[in-house]
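Participant: Residue numbers (my numbering): 86 to 594. Here a beta-carbon is modelled for each residue, glycine too, at the ideal position from N, C-alpha and C. Predicted, not measured: the structure shown is a model, and the values here were computed from it.
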Amino acid sequence: MDPLQTAHLGPRKKRPRQTGTLMASGPHNIRFGDLVLFILEKKMGTTRRAFLMELARKKGFRVENELSDSVTHIVAENNSGNDVLEWLQVQNIQASSQLELLDVSWLIECMGAGKPVEMTGRHQLVVRDPPASPNPGPQKTPSLAVQKIPEYACQRRTTLDNCNYIFTNAFEILAEDCEFRENEGFYVTYMRAASVLKSLPFTIISMKDTEGIPCLGGRVKCIIEEIIEDGESSEVKAVLNNERYKSFKLFTSVFGVGLKTSEKWFRMGFRSLSKIRSDKSLTFTRMQKAGFLYYEDLVSCVTRAEAEAVNMLVKEAVWTFLPGAFISMTGGFRRGKEIGHDVDFLITSPEVTEDEEQQLLHKVINLWEKKGLLLYSDLVESTFEKLKLPSRKVDALDHFQKCFLILKLHHQRVDNDKSPQQGGKTWKAIRVDLVMCPYERRAFALLGWTGSRQFERDLRRYATHERKMILDNHALYDKTKKTFLKAESEEEIFTHLGLDYIEPWERNA
Ligand code: DCT
Ligand code: MG
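1. Any chance the CB of Gly421 is under 6 Å from a heavy atom of ligand 2?
2. In the structure shown, what three-state DSSP assignment does Gln176 receive?
3. Applying the 10 Å Cβ sphere with the 16-neighbour rule, what's the burial state of Ala481?
4. Pick helix, strand or coil for Gly416, following the three-state DSSP scheme.
5. Val321 lies in the beta strand (DSSP E); which residues open and close that run?
6. Considering only the alpha carbon of each residue, which of Leu335, Leu122, Gly421 and Leu210 lies closest to Asp168?
7. Which term fits Asp500, buried or exposed, when burial requires 16 or more other beta carbons within 10 angstroms of its beta carbon?
8. Would you call Met276 buried or exposed, if buried means 16 or more other Cβ atoms sit within 10 Å of its Cβ?
9. Taking 6 Å as the cut-off, is the C-beta of Asp563 nearer than that to any heavy atom in ligand 3?
10. Pairs of beta-carbons, one from the region 385-402 and one from the region 425-441, closer than 8 Å: are there three or more?
11. Measuring only from the beta carbon, is Trp534 closer than 6 Å to any heavy atom that is part of ligand 1?
12. Less than 7 Å between the beta carbons of Gly303 and Phe340, yes or no?
13. Run through the region 440-491 for me and flag every whole beta strand (DSSP E) of 3 or more residues, listed as ranges in chain order.
14. Rounded to the nearest angstrom, how far is the Cβ of Asn114 from that of Gly145, given a contact under 8 Å?
15. Indicate, with yes or no, if ligand 2 has a heavy atom lying under 6 Å from the CB of Gly302.
16. Applying the criterion that 16 or more other CB atoms from any shown protein chain within 10 Å of the CB defines a buried residue, is Phe540 buried or exposed?
17. Just how far apart, CA to CA, sit Gln441 and Asp518?
18. Looking at the structure shown, is Arg213 part of a helix, part of a strand, or coil, going by DSSP?
19. Nearer than 6 Å: is that true of the beta carbon of Asp427 relative to any heavy atom of ligand 1?
20. Below 7 Å CB to CB, which residues in the same chain sit around Gly595 once its five sequence neighbours on both sides are set aside?
21. How big is the Cα-Cα spacing for Ala278 and Trp350?
22. Could you tell me the alpha carbon to alpha carbon distance between Ser190 and Phe123, rounded to whole angstroms?
23. Assuming Leu184 contacts Val212 (C-beta within less than 8 Å), just tell me the rounded distance between them.
24. Please give me, in chain order, every unbroken run of the alpha helix (DSSP H) with length at least 4 that falls completely inside the region 122-200.
25. Any contact of the region 540-560 with the region 468-475, i.e. 3+ C-beta pairs under 8 Å?
26. Where are the alpha helix (DSSP H) runs, 4 residues long or more, that stay fully inside the region 269-322, in chain order?
27. Got a sec? Which residues, its chain only, sit under 6 Å from Ser357 by beta carbon, not counting five neighbours each side?
28. Pull up the DSSP beta-bridge partners for Trp512, would you.
29. Mind reading off the beta-carbon distance from Leu531 to Ile515? Whole number of angstroms is fine, and I expect it under 8 Å.
30. Just how far apart, CA to CA, sit Phe136 and Ser574?
31. In whole angstroms, what separates the C-alpha of Glu149 from that of Phe489?
32. Please determine whether the Cβ atom of Gly197 lies at a distance below 6 Å from any heavy atom of ligand 1.
33. Opposite Tyr380 in the DSSP bridges: which residues?
34. Might you give, ordered along the chain, the residues of its own chain that have their beta carbon closer than 7 Å to the beta carbon of Arg552, omitting 5 neighbours on each side?
35. Starting from Val428, trace the beta strand (DSSP E) both ways and give me its first and last residue.
36. In angstroms, rounded to a whole number, what distance separates the CA positions of Gly533 and Gly270?
Okay, structure coming up:
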């Protein structure tokens, strides 16, 4: 499915819009009735505006001559979000709930594509601070209080208190379905919607509450509306009943099974893990064999008490060889989560030789092997180069030395452990990731490995689009000054980026 083709369609019932003003002129057919455009003349000029209006109408867009309640998209040129809001205030106009403020580049791209293209951060006009009211008085202004919710997750504080679980859960299911179908465009749309809703200090109870919230496009709003009205989304229900989704969800729950293998098994007609496990014609990787062997333990999440017990194991082992090493638990547990699918650690040490640094994880693994605690290990050597520019890819894996492990955690090592002791088994298999980084890169590595993934993606996007910088887990590069910006702490990285510091427990975007 082409994501752009359906970008303007809601998942179900279309709601007729009330219009009290002029309809689009001429005999043009309206092909994209969900979008009602208004093109701002200010700084664009009459001629160019008339030209763009005519062109857009020819392409099937509905363009209003005057601003009215029915307008969903205001398109402006050489205006900031604040400029547009100020203009609206001067006109004494109340912005409608669906109002998108867009740069003309979006319209031009739509014209090129012959249909609405997805609105991204570079198209959306950012409102920085509420514009000063030129004429204070009883007039209504567009809901500035909510319009101030920033567009990037790294500008918002997102704790684990999610008041909008009913919506965010729905969007995460839809996003996961897109991921399984490798539909990147909609995956991003749904993840951004879930992320912004998680940051809200209130629960959405009516569509009015969604006014001015960024990252909620037409499609997303239709789903919210359906959940408000019916308590559930028909689209989510369909996904949860979908064979492909159910199978991919099941297959990818096995450690070592990704989209490629899931696709293969699904095409071969498999629908259950037991059939796959017992099929003689299939071959499994070492990782998948471990995944099946410890399946029950690995799907039951790691608790905080278990994570703390693993923390002790890691400290004991690492400090045997490098007593000066710093060990930080990263990932979800650093963000305050009570459960996780694994336990992540970042290790670094000042004043060590490159050799000592490179040897540490090998020594730690050997020690656990000798103690009979190592159930699976995969050590990836570092490919880190000091002078290499940070990666532009938002989801790129880093180049530090790391190991992906399954450790045997004895119940007795876990504080007030209540795990059922099935068949005399006295331990649980736990997924553990260890990352070793050079001391001077520890702040970047810590920021990157703390997550959440959505928070990291938006940090990088923000650096690129708003600051002309490139950020990854190793470094921050300023493209304007052509220099690497050093940092001793996460706070310094936020300062370089011109962002308020966001605490780890506020990064649950
Ligand atoms: N990370 C990264 N690059 C990747 C994958 C992950 O920088 N390619 C970062 C972001 C989050 C952190 O590492 C830990 O990853 P996970 O363990 O997958 O996520 P989590 O937030 O710890 O979630 P969970 O609780 O499920 O382990
Ligand atoms: Mg984790």
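Facilitator: Answer, in terms of the structure:
1. Walking along the sequence shown from the start, residue 421 turns up at place 336. Result no, Cβ not under 6 Å from ligand 2.
2. Counting from one through the sequence shown, the residue named residue 176 turns up at place 91. Residue state, collapsed to three classes: coil.
3. Taking the sequence shown and counting its residues from 1, one reaches residue 481 at position 396. Exposed, because fewer than 16 other Cβ atoms sit within 10 Å of the Cβ of Ala481.
4. Position 331 of the sequence shown, counted from the start, is the residue given in the question as residue 416. It is helical.
5. Here residue 321 refers to the residue found at position 236 of the sequence shown. For Val321, there is no enclosing beta strand (DSSP E); the residue is found in the alpha helix (DSSP H) stretching over Ser319 to Leu325.
6. Here residue 168 refers to the residue found at position 83 when the sequence shown is read from its first residue. Asp168 has its Cα closest to that of Leu210, out of Leu335, Leu122, Gly421 and Leu210.
7. Taking the sequence shown and counting its residues from 1, one reaches residue 500 at position 415. Classification for Asp500: exposed.
8. Mapped onto the sequence shown, residue 276 falls at position 191. Its Cβ being crowded by 16 or more others within 10 Å, Met276 is buried.
9. The model on display carries ligand 1 and ligand 2 but not ligand 3.
10. yes
11. For the purposes of this step, residue 534 is taken as residue 449 along the sequence shown, with counting starting at 1. Checking the Cβ of Trp534 against ligand 1 gives yes.
12. Residue mapping note: residue 303 aligns to position 218 of the sequence shown, counting from 1. Residue mapping note: residue 340 aligns to position 255 of the sequence shown, counting from 1. No.
13. Within the region 440-491, the complete beta strand (DSSP E) runs of at least 3 residues are 459-465.
14. Locating residue 114 in the sequence shown gives position 29, where the first residue counts as 1. Locating residue 145 in the sequence shown gives position 60, where the first residue counts as 1. The Cβ separation is near 6 Å, so the contact holds.
15. The count along the sequence shown starts at 1 and reaches residue 302 at position 217. Checking the Cβ of Gly302 against ligand 2 gives no.
16. Sequence index remark: in the sequence shown, residue 540 carries index 455 (1-based). By the neighbour-count rule (16 or more Cβ atoms within 10 Å), Phe540 is buried.
17. As a working note, residue 441 is residue 356 in the sequence shown. As a working note, residue 518 is residue 433 in the sequence shown. Strictly speaking, residue 441 in this sequence is Glu, with Gln absent from that position. The alpha-carbon atoms of Glu441 and Asp518 are separated by roughly 20 Å.
18. Working through the sequence shown from its first residue, we reach residue 213 at position 128. In this structure, Arg213 counts as coil in the three-state DSSP scheme.
19. Within the sequence shown, numbered from 1, the residue matching residue 427 stands at position 342. Under cutoff, so the answer is yes.
20. Lying before the first or after the last residue shown, residue 595 is absent from the chain, which here runs from 86 to 594.
21. Here residue 278 corresponds to residue number 193 of the sequence shown, with the count starting at 1. Here residue 350 corresponds to residue number 265 of the sequence shown, with the count starting at 1. If I take the Cα positions, the gap works out to 31 Å.
22. Here residue 190 is taken as the residue at index 105 of the sequence shown, counted from 1. Here residue 123 is taken as the residue at index 38 of the sequence shown, counted from 1. Rounded to the nearest angstrom, the two C-alpha atoms are 14 Å apart.
23. The residue given as residue 184 occupies position 99 in the sequence shown. The residue given as residue 212 occupies position 127 in the sequence shown. Rounded, the Cβ-Cβ distance is 11 Å, inconsistent with contact.
24. Segments of the alpha helix (DSSP H) lying fully in the region 122-200: 131-143, 166-175 and 189-198.
25. yes
26. Annotation note: the region 269-322 contains the following uninterrupted alpha helix (DSSP H) runs of length 4 or greater, listed N- to C-terminal: 269-283 and 303-315.
27. Residue 357 sits at position 272 when you count from the first residue of the sequence shown. The beta carbon of Ser357 is closer than 6 Å to none in its chain, skipping five residues each way along the sequence.
28. The residue given as residue 512 occupies position 427 in the sequence shown. According to DSSP, Trp512 bridges with His495.
29. Counting from 1 along the sequence shown, the entry for residue 531 is found at position 446. Counting from 1 along the sequence shown, the entry for residue 515 is found at position 430. Actually they do not touch by this definition, with Cβ atoms about 22 Å apart.
30. The residue labelled residue 136 in the question sits at position 51 within the sequence shown. The residue labelled residue 574 in the question sits at position 489 within the sequence shown. Cα to Cα, the separation comes out at about 52 Å.
31. Here the question's residue 149 lines up with position 64 in the sequence shown. Here the question's residue 489 lines up with position 404 in the sequence shown. Cα to Cα, Glu149 sits roughly 57 Å from Phe489.
32. Within the sequence shown, residue 197 is the residue found at index 112, counting from 1. Checking every heavy atom of ligand 1 against the Cβ of Gly197, none is found closer than 6 Å.
33. The residue labelled residue 380 in the question sits at position 295 within the sequence shown. DSSP output for Tyr380 lists no bridge partner at all.
34. Working through the sequence shown from its first residue, we reach residue 552 at position 467. Cβ neighbours of Arg552 beyond the five flanking positions: Leu582 and Gly583.
35. Here residue 428 refers to the residue found at position 343 of the sequence shown. Per DSSP, Val428 belongs to the beta strand (DSSP E) from Val428 to Thr433.
36. Residue mapping note: residue 533 aligns to position 448 of the sequence shown, counting from 1. Residue mapping note: residue 270 aligns to position 185 of the sequence shown, counting from 1. When only Cα atoms are considered, Gly533 and Gly270 end up about 23 Å apart.
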